[in-house]
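S.K.: Got a structure for you, written out below as C-alpha cells; questions coming shortly.
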Amino acid sequence: MTMERRLNRFRGTVALVLGIGLGAWTTGYAQSLTWLGTLNGDWSEAYGVSADGRVVVGQARAAEGIRAFRWMEGVGMQDLGTLGGRESAAYSVSWDGRVVVGYAYNASGAYRAFRWVEGVGMQDLGTLGGCCSWALDVSWDGRVVVGWADNATGQLRAFRWTQQTGMEDLNLTYAPLLTNGSVLAIAYAISPDGRYIVGYGYNAATGRNQEAFLLDTWRMGDTNGDGCIDDSDLLTVLQAFGTPGTGLTRHEDINKDGVVDDADLLAVLFHFGEGC
Numbered sequence: 002m003t004m005e006r007r008l009n010r011f012r013g014t015v016a017l018v019l020g021i022g023l024g025a026w027t028t029g030y031a032q033s034l035t036w037l038g039t040l041n042g043d044w045s046e047a048y049g050v051s052a053d054g055r056v057v058v059g060q061a062r063a064a065e066g067i068r069a070f071r072w073m074e075g076v077g078m079q080d081l082g083t084l085g086g087r088e089s090a091a092y093s094v095s096w097d098g099r100v101v102v103g104y105a106y107n108a109s110g111a112y113r114a115f116r117w118v119e120g121v122g123m124q125d126l127g128t129l130g131g132c133c134s135w136a137l138d139v140s141w142d143g144r145v146v147v148g149w150a151d152n153a154t155g156q157l158r159a160f161r162w163t164q165q166t167g168m169e170d171l172n173l174t175y176a177p178l179l180t181n182g183s184v185l186a187i188a189y190a191i192s193p194d195g196r197y198i199v200g201y202g203y204n205a206a207t208g209r210n211q212e213a214f215l216l217d218t219w220r221m222g223d224t225n226g227d228g229c230i231d232d233s234d235l236l237t238v239l240q241a242f243g244t245p246g247t248g249l250t251r252h253e254d255i256n257k258d259g260v261v262d263d264a265d266l267l268a269v270l271f272h273f274g275e276g277c
C-alpha cells in the first residue's frame with residue numbers, strides 16, 4: 002500500500018470517528034443567538050439572565066402597556082404583570098430563574114420595587130418612607146434584594162431587602178462605616194452570596210457627589226453570613242484549614258490572603274460571640 006493510500010485511509014478513519022463521536026458538534030456545541038420575541042408588541046429588551054442561560058428577564062411592550070417579562074427556554078416570554086399600575090420592568094433573576102426583581106407601578110401611580118416568585122407572584126417591597134423604590138439586583142438564591150428607595154424627605158437611599166428584615170436603609174444599618182455626611186444613594190448589584198453590595202453615593206471625605214462604593218456586609222469572622230460568630234464559623238475554618246477555602250467566595254479565608262490559616266482562626270476566636 003502506498004503512503005498516499007495509507008494517508009487517505011487514515012483520514013477516512015479519523016473522519017468516521019469524528020463523525021460518530023462528535024456528530025453533534027456542529028449544532029449542539031455551536032455558538033447561538035436567540036431572538037426572544039415580544040409580548041405581542043413592537044419591542045423588547047433583556048436585562049438579566051440566570052446562571053445557566055435558560056431564563057432571561059427584561060421589559061417588553063404588551064397590549065396592556067409596558068411589562069416585565071420572564072423568558073424560559075422551551076416556554077417563551079411570560080408577562081409578569083404589575084402592582085396594579087401601567088408599567089413594570091424586570092432587571093435581575095436568581096441563579097435558578099425562579100425569583101425575579103425589578104420595579105412596577107401600583108394603582109396610585111407610584112413605582113415600587115418588586116420581588117416576583119414562581120408560583121407565588123409579585124410582591125411590593127415597600128419604600129423607606131417615601132413614594133417610590135426600584136429593585137436592581139438579587140442574590141443567587143433569591144433571598145436578598147438591593148436597589149434604591151425614597152426616604153420620607155424624598156432623598157434617594159440604597160436599600161437591602163430580605164424576608165426577615167424587610168427593606169433596610171443601608172445608611173442606617175451600616176452607619177458606623179460612613180464618614181459624617183456621606184450617603185449611599187443607589188445599590189446596583191449584590192454578590193451571589195449576598196455579602197458584597199456595590200453602587201454609588203456621596204463621599205463627604207472627597208466631596209464627590211457620585212462615587213462608587215463597595216460594601217462588605219458581613220462581620221469579621223462570620224463565615225456563613227448569619228450575623229453571629231459562633232461554633233459553626235469556627236468549625237468551618239478548621240475544616241478548610243490549609244486550603245484556599247471552598248466555594249465561589251472562599252468565606253473561610255477571612256483575611257483574603259489566599260489560604261485558610263492561623264490568622265483566619267484567630268479572627269474567629271477574637272470576635273467569637275459577637276452578634277449572637
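Heads up, the sequence shown is in the working numbering, so the first residue is 2 and it goes up one at a time. We put the beta carbon where it would ideally sit given N, CA and C, even for glycine. Keep in mind the model is a prediction, meaning the values are calculated, not measured.
1) Could you check what DSSP says for Ala264 in three-state terms: helix, strand or coil?
2) DSSP three-state call for Ala111: helix, strand or coil?
3) Once DSSP output is grouped into helix, strand and coil, what is the label at Asn181?
4) Restricting to runs no shorter than 3 residues, where is the beta strand (DSSP E) found entirely within the segment 105-180?
5) How do the segment 169-186 and the segment 215-228 stand: do at least 3 beta-carbon pairs fall below 8 Å, yes or no?
6) For Asn225, collect the residues of the same chain with a Cβ closer than 8 Å to its Cβ; drop the 5 residues on either side in sequence, then sort them by chain order.
7) DSSP state of Asp232, grouped into three classes?
8) To the nearest angstrom, how far is the alpha carbon of Gly274 from that of Thr174?
9) Thinking C-beta only, is Val102 closer than 8 Å to Ser93?
10) In the structure shown, what three-state DSSP assignment does Gln240 receive?
11) What does the Cβ neighbour count give for Phe70, buried or exposed, with the cut at 16 atoms within 10 Å?
12) Taking the continuous beta strand (DSSP E) assigned at Ala63, which residues delimit it?
13) Would you report the Cα separation of Val309 and Asn152, rounded to the nearest angstrom?
14) How far does the beta strand (DSSP E) with Ser89 in it extend, from its first residue to its last?
15) Going by DSSP, which residues form a beta bridge with Arg68?
16) Judging by CA-CA distance, which residue of Arg161, Gly127 and Gln240 is the nearest neighbour of Leu143?
17) What are the residues that DSSP puts in a beta bridge with Ala201?
18) For Gln79, write down the residues that DSSP places opposite it in a beta bridge.
19) Roughly how many angstroms separate the alpha carbons of Arg209 and Ser183, rounded to a whole number?
20) Which of the three DSSP states, helix, strand or coil, is assigned to Leu40?
21) Report the option in Leu267, Ala114 and Val139 whose CA atom is closest to the CA atom of Gly127.
22) When the Cα of Gly1 is compared with those of Pro193, Gly200, Ala264 and Gly202, which residue comes out closest?
23) Would you kindly check if the distance between the Cβ of Val118 and the Cβ of Arg99 is under 8 Å?
24) Find the nearest neighbour of Cys229 within the set Gln164, Val261, Tyr201 and Cys277, judged by alpha-carbon distance.
25) Name the DSSP beta bridge partners of Val50, please?
26) Compute the Euclidean distance between the alpha carbons of Val269 and Ala91, then round it to the nearest angstrom.
27) Skipping 5 residues on each side, what residues in its chain have a beta carbon closer than 7 Å to that of Leu81?
M.R.: In terms of the structure at hand:
1) helix
2) coil
3) coil
4) 112-118, 122-125, 130-139, 146-152, 157-163 and 167-170
5) yes
6) Ser233, Asp234, Thr237 and His252
7) helix
8) 20 Å
9) yes
10) helix
11) buried
12) Val56 to Ala63
13) Nothing can be reported for residue 309: it is not among the residues displayed for the chain, which extend from 2 to 277.
14) Gly85 to Val94
15) Ala61
16) Going by the sequence as given, residue 143 is Gly instead of Leu. Among Arg161, Gly127 and Gln240, the Cα nearest to that of Gly143 belongs to Arg161.
17) As written in the sequence, residue 201 is Tyr, which differs from the Ala given in the question. According to DSSP, Tyr201 bridges with Ile187 and Ala213.
18) Arg71
19) 10 Å
20) strand
21) Ala114
22) Residue 1 falls outside the range modelled here, since the chain spans only 2 to 277, and no answer is possible.
23) yes
24) Cys277
25) Val57
26) 39 Å
27) Arg68, Ala69, Phe70, Arg71, Ser89, Ala91, Val101, Trp117 and Met123
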